[in-house]
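Sequence lines, in order, name chains A and B.
Going by UniProt numbering, the first residue of the first sequence is number 1, and it counts up by one from there.
Going by UniProt numbering, the first residue of the second sequence is number 1, and it counts up by one from there.
Every residue gets a Cβ at the ideal spot worked out from N, C-alpha and C, and that includes glycine.
2 protein chains.
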Amino acid sequence: MTDATSDEWDTTPLGSYRALRASLSTSTSTERPAAVATVTNVEGSAYRRPGAKLVVSASGDSTGAVTAGCLEDSVADVAAAVVDSGAPRTERFDLTNDAEGVWGMGLGCNGVVDILVEPVDESFRPAVDELEAKRTVVLATAVASTDPAVAVGDRTTLTGGGDGSPDRVARGRTGLPADVLDVLADEVDSLREAGRAATVTVETDAGAVDVFVDVLEPAPDLLVFGRQRDVDPVVRFGREAGFRVRVVTGRGGDADVDRFPDAHEVLPTRAPDLASAVDAPEHTYALLMSHNFVDDRLALDSLLETAVPYVGLMGPRKRFEEMREAFAEEGTPLERADLDRIATPVGLDLGGDHPSQIALSAVSELLAVHNGRDGGRLTDRAGPIHDRVARD
Amino acid sequence: MTDATSDEWDTTPLGSYRALRASLSTSTSTERPAAVATVTNVEGSAYRRPGAKLVVSASGDSTGAVTAGCLEDSVADVAAAVVDSGAPRTERFDLTNDAEGVWGMGLGCNGVVDILVEPVDESFRPAVDELEAKRTVVLATAVASTDPAVAVGDRTTLTGGGDGSPDRVARGRTGLPADVLDVLADEVDSLREAGRAATVTVETDAGAVDVFVDVLEPAPDLLVFGRQRDVDPVVRFGREAGFRVRVVTGRGGDADVDRFPDAHEVLPTRAPDLASAVDAPEHTYALLMSHNFVDDRLALDSLLETAVPYVGLMGPRKRFEEMREAFAEEGTPLERADLDRIATPVGLDLGGDHPSQIALSAVSELLAVHNGRDGGRLTDRAGPIHDRVARD
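Structure representation (structure tokens):
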């Protein structure tokens, strides 16, 4: 398993999660802990949304981003101060230079961005554990408070909750008061459902508390079945797109880890056993690209036994039709529920036919499917550009 | 300007063109020349199409690919032999292992692939020069012949020809007979129009000649205007997708080449002069991502004076509407022809919002637009997967 090299800018949630986890595993040493900056609120056209993170390690390396680049140095300075003081704090960065708001100049960024900067301490551990187990988790953290009972940084982790009330966990820092969490419950549910983060203001008897509700979803898995060189660009693009990438070579024997250094994991699992390589089926997107008809078919058969929602089969539709016929001839024809999960030809219609372009097309489709989209041009979705958009 | 590192598998036409050019520039030395293998014909479901190339340098490094990986070693052996003999030759690789054809096993490849293997000699120079000048060029090469007057490897380069008859150039090797080229003329026109390569059989008085008509189109340019860190994944994806990537920072002064090592070129050109950074407008796709409203607008204004067919503007549609209003207020409102070339929001609908995902979305759209596609899911385009496809 490898993490991105320090010269590659990893802005994926998975990158941030792994940085947090790495920092926690060294935090018992005398080394300075890491700090993490999280966007909690945005006004105007800021580049990143609530939940975006920048993790700054003790050595100064960073993973993630809270802006397109213009504020990272300023934020890093705040991070260093926070590590020294040990106290979480919020900073507001107002990048609008004139009353008009959207005509920001100078730094190249716009809008108003609120950022929570904190040491990476034990209060993160429950969330890191949940993500490791491929479960969505919610962090509820006070980012402003006029209630004397609540301080900036107070945090409760909400685990479970997919169906029913989540468990409330406080570790390392003071938890939020029960009545605040009660008021938040519905908002938490809808943010969790939408996979979004937002700051919510809660009135209490003694004041008001702004709570940043951060929904952390586990990174999706990209399971690549194949071992030819054309797996390489798929692995690179998949990793950059935020997937945890696992290559399954189908060879048996020892895994050839060095062969795919950009993959998070390399497994030698054979095609008929591919289901055993699936950790969290509902978060897994599979691409079958061994270029071997028999192996691809065995792999497909195995995956269809799991709850994996997407299996992309490289090659023309006709090749799949041959497989479908083989299934039927064996007395186990594919059913509608199976067919709904298969994509072939794989990918979005980009028109390119060399291996990197096929990889770009395939990974783009995976990301679109994961997010419930279908890959068409956004400029067309926003309406005809010839018509003037009504001003808000 | 940088070429891909040797451990990154560059399968883009641009990579092959640059490898050919590099080889020609060293060919006057005593160093062994390179060899190039080109797919000339395919039957069944082979992985790459006619025109795909593998360039093997004298030192054994290779750029490109003629298969997904299964044949590269065999082809490299043939390449070494061809360099020794100096004589072009064709090889047929029959990867079908049984009468059924598509059920190929073992190596993981299918179908029948014909490959032309030749030394990189002066016969390539006219084509390399045309591509350098961003012009499409056609190589017509004999790959089989029962006519004693024509040998395998005989080649005529067809330059120009976009409107009217191309010029016929023979250099380094014997050219094809005029009557063979006359017969081919219509076929060459339609292949050139379609941007495809194919082998065409021509009957002569003395026999028959199979001519491989290879249409080499210049790589498209991706012009990235910006200098924040989010330019990095755009550059990487753009390069892998086959674009020649030029970053324009807008700073003036010296170009910060080290800042964007994966770009083919870095220019410091300022926004109002962006048109001067456009080499071949009809092959250029621009992305404006300085995150600075004033600079992006100046850049847009400059590019609209050229014939660039696509300008993607990062940010919400509303931001563009503000720009549009600014143009109108200055008495130079945008016209329909301008609006037709602008894409905003930029990218395909993949649903992701972190910088690498935005880059994936943007570069995918550029590629789709370059190829006249619109990025929807290919599996939907192939018809409902529930219906059985009529067998050919």
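Hey, out of B:D221, B:E43, B:A263, B:G253, whose CA is closest to A280 (chain B)'s CA? Of the candidates B:D221, B:E43, B:A263, B:G253, B:D221 places its Cα closest to the Cα of A280 (chain B).
Cβ shell of P268 (chain A) (< 7 Å), same chain only, five flanking positions each side left out: So the list reads T249, R251, G252, G253, D254, A255, once near-sequence residues are dropped.
Contiguous beta strand (DSSP E) assignments of at least 3 residues, all confined to the region 163-220 of chain B: With a minimum length of 3 residues, the continuous beta strand (DSSP E) runs that stay inside the region 163-220 of chain B are 167-169, 198-204, 207-216.
DSSP three-state call for T38 (chain A): helix, strand or coil? When DSSP states are grouped into helix, strand and coil, T38 (chain A) belongs to the strand group.
T199 (chain B) vs T40 (chain B) beta-carbon contact at 8 Å: A contact, by the Cβ cut-off of 8 Å.
So V137 (chain A) and E130 (chain A) are in contact, right, with Cβ under 8 Å, and what is the actual spacing, rounded? The C-beta separation of V137 (chain A) from E130 (chain A) comes to about 4 Å, placing the pair in contact by the 8 Å criterion.
Considering only the alpha carbon of each residue, which of A:V150, A:P309, A:C70, A:V82 lies closest to V278 (chain A)? Taking only the C-alpha atoms, the option nearest V278 (chain A) is A:P309.
Please tell me whether L348 (chain B) and P345 (chain A) are closer than 8 Å, where the distance is taken between their beta carbons. For L348 (chain B) and P345 (chain A), no; Cβs fall outside 8 Å.
In whole angstroms, give me the CA-to-CA distance for E322 (chain A) and A271 (chain A). Using only the alpha carbons, I get a separation of about 18 Å.
In whole angstroms, what separates the C-alpha of F293 (chain B) from that of R319 (chain B)? Near 8 Å, if we compare the C-alpha coordinates of R319 (chain B) and F293 (chain B).
Counting pairs of beta carbons, one from the region 80-98 of chain B and one from the region 219-238 of chain B, are three or more of them closer than 8 Å? The region 219-238 of chain B and the region 80-98 of chain B do not touch, with fewer than three beta-carbon pairs separated by less than 8 Å.
Can you name the residues of chain B whose CB is closer than 9 Å to the CB of L367 (chain A)? Here the neighbours are L350, G351, G352, Q357, L360, S361.
Please state whether the Cβ-Cβ distance between A127 (chain A) and L139 (chain A) is less than 8 Å. Taking C-beta atoms as the reference points, A127 (chain A) and L139 (chain A) count as a pair closer than 8 Å.
Would you mind listing the beta strand (DSSP E) stretches within the region 278-347 of chain B that are 3+ residues and don't spill past its ends, in chain order? Listed in chain order, the complete beta strand (DSSP E) runs (minimum 3 residues) inside the region 278-347 of chain B are 284-288, 310-313.
For P233 (chain B), the first and last residue of its enclosing alpha helix (DSSP H): It spans 231-240 - the alpha helix (DSSP H) in which P233 (chain B) sits, taken as one unbroken run.
Assigned secondary structure, L54 (chain A) (DSSP; H/G/I helix, E/B strand, else coil): If DSSP states are grouped into helix, strand and coil, L54 (chain A) belongs with the strands.
Mind checking whether the beta-carbon of D94 (chain A) lies closer than 7 Å to any heavy atom of the ligand NAP? Summarising the ligand content, the structure contains no ligands, and the ligand NAP is consequently not present.
How many whole angstroms separate the CB atoms of L300 (chain A) and L288 (chain A), which I take to be in contact at a CB cut-off of 8 Å? With 8 Å as the limit, L300 (chain A) and L288 (chain A) qualify as a contact, their Cβ atoms being about 6 Å apart.
Using Cβ-Cβ distances below 7 Å, what residues of the region 314-325 of chain B are close to chain A? So the close ones are G315, P316, R317, K318, R319, E321, E322.
So with Cβ pairs under 8 Å, would you call A241 (chain B) a contact of chain A? At a cut-off of 8 Å between C-beta atoms, A241 (chain B) counts as an interface residue with respect to chain A.
Check the Cβ-Cβ distances between S6 (chain A) and every residue of chain B, and say whether any is below 8 Å. With a pLDDT of only 41 at S6 (chain A), under the threshold of 50, the placement of this residue in the model should not be trusted; the figure read from the coordinates follows. With a threshold of 8 Å between beta carbons, S6 (chain A) makes no contact with chain B.
According to the neighbour-count rule (16 or more other Cβ atoms, all chains shown, within 10 Å of its Cβ), is D258 (chain A) buried or exposed? Taking all protein chains in view, the Cβ of D258 (chain A) is surrounded by fewer than 16 other Cβ atoms within 10 Å, so the residue is classified as exposed.
Only counting the same chain, and skipping five residues up and downstream in sequence, which positions put a Cβ closer than 6 Å to that of T284 (chain B)? Cβ within range, chain order: D221, L223, V278, V308.
Rounded to whole angstroms, how far is the Cβ of V213 (chain A) from the Cβ of E193 (chain A), which I believe are closer than 8 Å? The Cβ separation is near 12 Å, so there is no contact.
G315 (chain B) burial status per 10 Å Cβ neighbour count (16 or more: buried): G315 (chain B) should be labelled buried.
Sheet register partners of E265 (chain B) (DSSP bridge): Per DSSP, B:R246.
Measuring only the C-alpha atoms, how far is G376 (chain B) from T11 (chain B)? So the two alpha carbons sit approximately 24 Å from each other.
Check the C-beta distance from residue 403 (chain B) over to T159 (chain B) and give it rounded, since I have them as a contact under 8 Å. No answer is possible for residue 403 (chain B): it lies beyond the span of chain B, which begins at 1 and ends at 392.
Using a Cβ-Cβ cut-off of 8 Å, state whether V346 (chain B) counts as contacting chain A. At least one chain A Cβ lies under 8 Å of V346 (chain B).
Ordered along the chain, which non-local residues of its own chain (more than five positions away) have a Cβ less than 6 Å from that of V369 (chain A)? Around V369 (chain A): Y310.
Taking only beta-carbon positions, decide if P126 (chain B) is within less than 8 Å of chain A. No, its Cβ sits nowhere closer than 8 Å to a Cβ of chain A.
If you check the beta carbons only, do A37 (chain A) and A68 (chain A) fall under 8 Å apart? Result no, Cβ atoms of A37 (chain A) and A68 (chain A) do not sit closer than 8 Å.
N371 (chain A) versus chain B: which residues are under 7 Å apart at the beta carbon? Within chain B, the residues L350, G351, G352 have their CB atoms less than 7 Å from the CB of N371 (chain A), given in chain order.
Could you compute how far the alpha carbon of E203 (chain A) sits from the alpha carbon of S190 (chain A)? Approximately 19 Å, taken between the alpha carbons.
Grab me the residues of F237 (chain B)'s own chain with a C-beta within less than 7 Å of its C-beta, minus the 5 sequence neighbours each way, in chain order. Closer than 7 Å at Cβ, skipping near neighbours: A359, L360, V363.
In chain B, which residues lie less than 7 Å from D230 (chain A) when you measure between Cβ atoms? Within chain B, the residues near D230 (chain A) are A68, G69.
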